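With the sequence shown counted from 1, adding 804 to any position gets you the working numbering.
Here a beta-carbon is modelled for each residue, glycine too, at the ideal position from N, C-alpha and C.
Please read these numbers as outputs of a predicted model, since none were measured by experiment.
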Amino acid sequence: MALRVLHTADWHIGQTLNGWSRAFEHEQFFKQLAELAREHEVDALVMAGDVFDNQNPSADSTRQFYEAIAALQDQTPHFTSVITAGNHDPAGRLEAPGVLMDRVGAHVVGTVHRTGEGLDLDQHLVPLRTADGTIHAHVLAIPFPRAADLPRVSEEGEPEGSVIVRAVRALYQDAVSQARARIGDDPLIVTGHLHVWGAEESEGAERRILVGGEHAIPHSVFDENVAYVALGHLHKPQRVGRDTIRYSGSPFPMSVTEQPYHHSVTLLEIDHGGLAYRQIPLERPVAFHRLGRGEGLSLDALPAALDELALENMVPLDQRPFVHVDLKPQVSGSGLRVEVDRLLENYPVRGAGISIVSPVKEGPEITEAAALVRLSDLEPEDLFKTAFASVHGEEPDAAHLELFHRAAAEIE
């Protein structure tokens, strides 16, 4: 009998987009998750961090999380859920109901736990069983490594990385070594919530998170003898380094950058012949449109672009499509953002923000060094105007400029 495991991550329960709630989308995703678990006769779930979107989740967000875990357990009594904290999660609060969660087959790891001998394997090593009670694999559940979680390492350099990289490597090497001493050569799934070199991140959706100013770690941190590395943090489903090191990605777009992604969960199947995996696509609960991608739209062209979407009018507010608009640089008396919002009010959509498309200038390639020189030649006011227009979609007025000059004077 093969063991089947679903790998998922980056749920971000409680997230809002441009002020709009994503609760309906999370509700639909959790229904899909339960249906997939039933359809594929799944034995376990591995959730690799960022259960919640912030450190203080609301009561509604917390209830939605518990209901999702309970639904998985209700349909399959032997089901095991392994959940680790990400950088967005309140690690202590996530672990707090641990005794109750254990009783419904959910094992939650928020921080790194140690004993005098090293990692506390009773907290971090979780057996995965099939319906007949046979243990087919284990999960080594490692959450997002905060500063206090990392072991002390030598300050001396080595070819691959800083002190932080070496500390993360030591954390995983020690953890895998201890796990192997207990389980031998049985299949081992390792979790991680961090950025691995070479993986593609989603601009505006993911923080650069490692402590000490370090941004990412090499995939060689993960022992080649582990069966699978279940990663979280980056929202695009992808492999990195080797086929068995994978990000499952977020369940639906958390930002406009993720609008073109094909969201999915990863289904693992482990038997005596080894490990196989495949991506299972997720249905998008709410449509997400990006208008004017590339060259951008003028305000006058926006109504026609919205008409082309052929939107249904009788749609509840929380199910209306998101629309992000890319605009050409242009002048607006009341401001581009205000004008876009006014136009969107006439359609059954929810505004997901706007971007101003900068014209691409032809000419010789600009090197990084040359760009730095040109940046240093700019006046602070010019930089402020550019940044303000990028964020707000309009030029700063006299009041904004006055506040800027006051702040600049205080710094001087």
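Excluding the 5 residues preceding and the 5 following residue i in the sequence, name in chain order all residues of the same chain whose CB lies nearer than 6 Å to its CB.
| i | result |
| --- | --- |
| residue 939 | 931, 933 |
| residue 1174 | Note that residue 1174 scores a pLDDT of 38, beneath 50, so its modelled location is shaky and nothing firm can be said. |
| residue 1073 | 806, 808, 1080 |
| residue 1122 | 828 |
| residue 821 | 1156 |
| residue 1159 | 1130 |
Mark residue i as exposed unless 16 or more other C-beta atoms lie within 10 angstroms of its C-beta, in which case mark it buried.
| i | result |
| --- | --- |
| residue 893 | buried |
| residue 1185 | exposed |
| residue 991 | buried |
| residue 1111 | exposed |
| residue 913 | buried |
| residue 916 | buried |
| residue 857 | buried |
| residue 942 | buried |
| residue 1209 | exposed |
| residue 868 | buried |
| residue 1201 | exposed |
| residue 864 | exposed |
| residue 905 | buried |
| residue 911 | buried |
| residue 1146 | exposed |
| residue 1143 | buried |
| residue 1076 | exposed |
| residue 890 | buried |
| residue 1169 | For residue 1169, the predicted model reports a pLDDT of 48, less than 50, meaning its position is unreliable and no value from the coordinates is stated. |
| residue 842 | exposed |
| residue 1155 | buried |
| residue 1058 | buried |
| residue 847 | buried |
| residue 1052 | buried |
| residue 899 | buried |
| residue 844 | exposed |
| residue 814 | buried |
| residue 1096 | buried |
| residue 1046 | exposed |
| residue 1187 | exposed |
| residue 952 | exposed |
Starting from residue i, follow the beta strand (DSSP E) in both directions and report where the run begins and ends.
| i | result |
| --- | --- |
| residue 1032 | 1032 to 1036 |
| residue 1049 | 1046 to 1051 |
| residue 968 | Taken as a continuous stretch (DSSP letters only), residue 968 belongs to no beta strand (DSSP E), being part of the alpha helix (DSSP H) at 967 to 987. |
| residue 940 | 939 to 944 |
| residue 1075 | 1068 to 1075 |
| residue 1080 | 1078 to 1085 |
| residue 849 | 848 to 852 |
| residue 1126 | 1126 to 1131 |
| residue 887 | 884 to 888 |
| residue 1159 | 1154 to 1160 |
| residue 910 | 910 to 913 |
| residue 807 | 807 to 812 |
| residue 993 | 992 to 997 |
Assuming residue i contacts residue j (C-beta within less than 8 Å), just tell me the rounded distance between them.
| i | j | result |
| --- | --- | --- |
| residue 1005 | residue 999 | 7 Å |
| residue 994 | residue 971 | That belief does not hold up - the Cβ atoms of residue 994 and residue 971 are roughly 17 Å apart, past 8 Å. |
| residue 1056 | residue 833 | 6 Å |
| residue 974 | residue 955 | 5 Å |
| residue 884 | residue 909 | 5 Å |
| residue 979 | residue 888 | Their Cβ separation, rounded to whole angstroms, is 12 Å, which puts residue 979 and residue 888 out of contact at 8 Å. |
May I ask which residues mark the beginning and end of the alpha helix (DSSP H) holding residue i?
| i | result |
| --- | --- |
| residue 873 | 863 to 879 |
| residue 902 | 902 to 907 |
| residue 926 | 925 to 928 |
| residue 1093 | It is not in any alpha helix (DSSP H) - residue 1093 instead sits in the beta strand (DSSP E) that spans 1092 to 1095. |
| residue 920 | Looking at the DSSP string, residue 920 is not in any alpha helix (DSSP H), and its letter there is neither H nor E. |
| residue 828 | 827 to 843 |
| residue 1110 | 1106 to 1111 |
| residue 898 | 895 to 899 |
| residue 1142 | 1140 to 1148 |
Taking 8 Å as the limit between beta carbons, can you name the residues of its chain near residue i, skipping five residues before and five after?
| i | result |
| --- | --- |
| residue 862 | 818 |
| residue 1050 | 811, 1032, 1033, 1034, 1035, 1041, 1042, 1043, 1044, 1070, 1081 |
| residue 1204 | 1192 |
| residue 882 | 847, 909, 933, 934, 935, 937 |
| residue 1091 | 1125, 1126 |
| residue 779 | This structure leaves residue 779 out entirely; the chain is present only between 805 and 1216. |
Go through its chain and collect everything with a Cβ distance to residue i's Cβ below 7 Å, but skip five positions before and after it.
| i | result |
| --- | --- |
| residue 1212 | 1184 |
Below 8 Å, how does it come out for the stretch 981 to 992 and the stretch 917 to 930: are there three or more Cβ pairs, yes or no?
yes
Touch check for the stretch 806 to 821 and the stretch 1020 to 1037: three-plus C-beta pairs under 8 Å?
Taking 8 Å as the limit for Cβ pairs, the verdict is that the stretch 1020 to 1037 does touch the stretch 806 to 821.
Please determine if the stretch 1120 to 1131 and the stretch 1066 to 1078 are in contact, where contact requires at least 3 C-beta pairs separated by less than 8 Å.
no
For the stretch 866 to 873 and the stretch 829 to 839, state whether three or more C-beta atom pairs, one from each stretch, are separated by less than 8 Å.
yes
Counting Cβ pairs closer than 8 Å, one from the stretch 1146 to 1153 and one from the stretch 1111 to 1124, do we hit at least three?
yes
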